[in-house]
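This report concerns only the one structure given below.
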Amino acid sequence: QKMIESLKKGDKILTNGGLYAEVVKPEEDFIKIKLNENTIVKLDKQYVLKKLD
Numbered sequence: 006q007k008m009i010e011s012l013k014k015g016d017k018i019l020t021n022g023g024l025y026a027e028v029v030k031p032e033e034d035f036i037k038i039k040l041n042e043n044t045i046v047k048l049d050k051q052y053v054l055k056k057l058d
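Number 53 in the working numbering belongs to position 48 of the sequence shown; there are no gaps in the numbering.
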C-alpha cells in the first residue's frame, strides 16, 4: 500500500494484467497511466503490481 501511495509522475509500473506503463497523474482512487505515446488510461490503484526501477 505504501508503494502505491508513493507513486508519482514518471514512475514506471507493472499492472496485475501484465501491462508496463508510466504514471501520468496519481489521483485518490486511481492513477492515470501512459501505455504508449497515444494511449492514456485510468487504472484502479489496486491493480498496480509493482513499481519498476
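Where is the CB? At the ideal position from N, CA and C, for every residue including glycine.
Computed from a prediction, not measured in an experiment: that's the story for all the values here.
Span separating the alpha-carbon of residue i from that of residue j
i	j	result
Val53	Lys39	13 Å
Phe35	Lys50	5 Å
Gln6	Thr20	14 Å
Leu24	Thr44	12 Å
Buried/exposed call for residue i, threshold 16 Cβ in 10 Å
i	result
Leu48	buried
Asp16	buried
Contact belief for residue i with residue j at Cβ below 8 Å, rounded distance in angstroms
i	j	result
Ile18	Val28	6 Å
Lys55	Leu12	Actually they do not touch by this definition, with Cβ atoms about 11 Å apart.
Contact set for residue i: own chain, Cβ-Cβ below 7 Å, skip 5 residues either direction
i	result
Asp58	none
Ala26	Ile18, Thr20, Ile38, Lys39, Leu40
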